[in-house]
Each structure stands twice: as structure tokens, then as C-alpha cells.
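K.L.:
Take the sequence shown: its letters are residues 32 to 170, numbered as in the working numbering.
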Amino acid sequence: MALISSQCYDCKQLIKFEVQQTIINQKLRWYLSGNCHLCGSSIELDDVGFLPENLRQKILKEEGEWKIIIKNYAQNKSVIIKCFRQILNISTVEAYRKIQETVNNHDFIYRGTKVEIEWLLSYFQLEKINCIVQRIEAS
Ligand SMILES: [Zn+2]
Numbered sequence: 032m033a034l035i036s037s038q039c040y041d042c043k044q045l046i047k048f049e050v051q052q053t054i055i056n057q058k059l060r061w062y063l064s065g066n067c068h069l070c071g072s073s074i075e076l077d078d079v080g081f082l083p084e085n086l087r088q089k090i091l092k093e094e095g096e097w098k099i100i101i102k103n104y105a106q107n108k109s110v111i112i113k114c115f116r117q118i119l120n121i122s123t124v125e126a127y128r129k130i131q132e133t134v135n136n137h138d139f140i141y142r143g144t145k146v147e148i149e150w151l152l153s154y155f156q157l158e159k160i161n162c163i164v165q166r167i168e169a170s
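#1: Terminal residues of the continuous beta strand (DSSP E) containing I100?
#2: Measuring straight from C-alpha to C-alpha, what distance separates L86 and S109?
#3: Using only the heavy atoms of ligand 1, determine whether one of them is closer than 8 angstroms to the beta carbon of I46.
#4: Pull up the distance between the alpha-carbon of K43 and that of Q88, whole angstroms please.
#5: Do E147 and Y154 have their CB atoms nearer than 9 angstroms?
#6: Is D41 closer than 9 angstroms to R60 when the C-beta atoms are compared?
#7: With contact counted as at least three CB pairs below 8 angstroms, one residue from each stretch, are the segment 89-107 and the segment 129-143 in contact?
#8: Sorry if obvious, but does the Cβ on D77 come closer than 8 angstroms to a heavy atom of ligand 1?
#9: Please classify G143 as buried or exposed, where buried requires at least 16 neighbouring CB atoms within 10 angstroms.
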């Protein structure tokens, strides 16, 4: 969970919101809630899928960025592409391009928030893919 500052939807005062990502039934979800101590409004939002990018960036700042490393990428390529297609709801070509671009330039296959990585990991573990999760150290 991260605490972020944002404007109250009613009185526009800067207040604190709690933002949380979670996994329910293998689906990524997020929640946002806050109470305005000035006007008394209470705000609650939730949705499935990725956080809006501005909120996601705040979670990354607060909780750090994580990566998933696959040991035998070459042997598991087709299963990994299948997982990415399912998880991200993209085509085989898109999944292939996305993965290839990443593995060509980095030691990991995906980077994101801790919960996003746990979410991917749950799929990879079902397929018995050997992988490692690590925090990316800020340079
Ligand atoms: Zn308010």
C-alpha cells in the first residue's frame, strides 16, 4: 500500500489517499480511498487491471521497482509468450515483440511494481517456469 497526495474531488484540497494493488482470482486489481478532513468527502475507487500510470509511478517510487528473471528463457520461450498473451491480453506478435525487446537489452523479462511481479509469477509458476524475483536497485 502507498500513501499519495492528491486533490480532493470536491473541495480540491490536497489530501492523502491510500492506493493498493492486489491479486484476486489471478486478476490484478487496484483500490484507492481517502477521506477529506476539510469537506468530509470520502472517495473510493477500484478497478481491474493496471493502475492509471500516474498512480502506478507513485507506487513504484514508494515500494520500489521489481523485476522477474527467467533462467531458461530460450527453452521456455513459447510458454512464456503464451503467459504474456493471457496476462496482458495481447496478440502473439505483440507478446513476442515485447519480450524480445526486453531480453535483448536487460537481464530480466519484465519490470513493474511488486504486486504486478507477484501476479506474473503466479502464472509462470503454474507453468513450472523457473524464475527469480529481485528488486531493481535505484541507480
Ligand atoms: Zn474535500
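Glycine is no exception: its CB is placed at the ideal position from the N, C-alpha and C atoms.
P.N.:
Well, looking at it:
#1: Note, I100: beta strand (DSSP E), 96-101.
#2: Distance from the CA atom of L86 to the CA atom of S109, rounded to whole angstroms, is 32 angstroms.
#3: True, at least one ligand heavy atom lies under 8 angstroms from that Cβ.
#4: Whole-angstrom Cα-Cα distance: 21 angstroms.
#5: No.
#6: Not a contact, by the Cβ cut-off of 9 angstroms.
#7: The segment 89-107 is in contact with the segment 129-143.
#8: No - ligand 1 has no heavy atom lying nearer than 8 angstroms to the Cβ of D77.
#9: By the 10 Å Cβ count, G143 comes out buried.
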